[in-house]
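In our numbering, the protein residues as written are 134 to 389.
Since the structure comes first, as structure tokens, the remarks are kept for the end.
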């Protein structure tokens, strides 16, 4: 297979699945990892995909671009797992917590299914399904209802109305992006409103964001950078950026 044919096939695969690993592509096409990485470099330069650690995903084109849950699930898997593992230590038995929509919060849900006496409020269909499959009888799960987004969040006035009546210990917020100027952002206007309601309902805001989220700006801000009590991220975040975040939040947790 010629290089151009292989690269065209890679683009088709990424668009079909939302994301792909270097190792999978190398095995499929019978070439080295280095060859695939060079292909991804070229395709990323042409704007046909976005390179991420260990693979590639669909290119995001603007502040309103909203990848689906499956596409986001292929990104930064090890980082999200480490962030979720650390964030789970903040939850104690008997707490009432909220988990916003997102793949990192879904990873956290897997870590919390064995926590006794937990009450979980979520606007995420995948998060609710994780707790439902676990079937722990001493846990209560509240799914807000609302209009479904491409990222499997439930948003809009029904969700906001349900959340505004609640009082929670913690909210774990997954974000599309974060920056000093825009704070924590999302590409979906209704999701921003729903997440603002979650933030207002909780005593503490914990933001879960891998290093690729810094500098990404969605169309709508959910909260300013300093609104978070804790930000949990990974060691890929550069030290100058860590210093900036520490100036604004109470606690920055960086996981390996």
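Beta carbons are placed, not taken as given, at the ideal position from N, Cα and C, and that holds for glycine.
- Per DSSP, residue 153 is one residue of the beta strand (DSSP E) stretching across 152–154.
- Residue pairing by DSSP places residue 254 opposite 231 and 275 in a beta bridge.
- Excluding residues up to 5 positions away in sequence, 277 lie with their Cβ nearer than 6 Å to the Cβ of residue 295 in the same chain.
- Under the three-state reduction of DSSP output, residue 308 falls in the coil class, being neither helix nor strand.
- Boundaries of the beta strand (DSSP E) around residue 184: 183–185.
- About 5 Å separates the beta carbon of residue 220 from that of residue 365, a gap short enough to meet the 8 Å contact definition.
- Out of 280, 341 and 285, the CA that lies nearest to the CA of residue 291 is found in 280.
- One thing to note: residue 287 has its Cβ no nearer than 8 Å to the Cβ of residue 321.
- DSSP places residue 134 in the coil class of the three-state scheme, outside both helix and strand.
- For the pair residue 313 and residue 138, the Cα-to-Cα distance works out to about 42 Å.
- Distance check between residue 135 and each of 168, 147 and 156 places 168 closest, using alpha-carbon atoms only.
- According to the DSSP secondary-structure assignment, residue 288 is paired through a beta bridge with 280.
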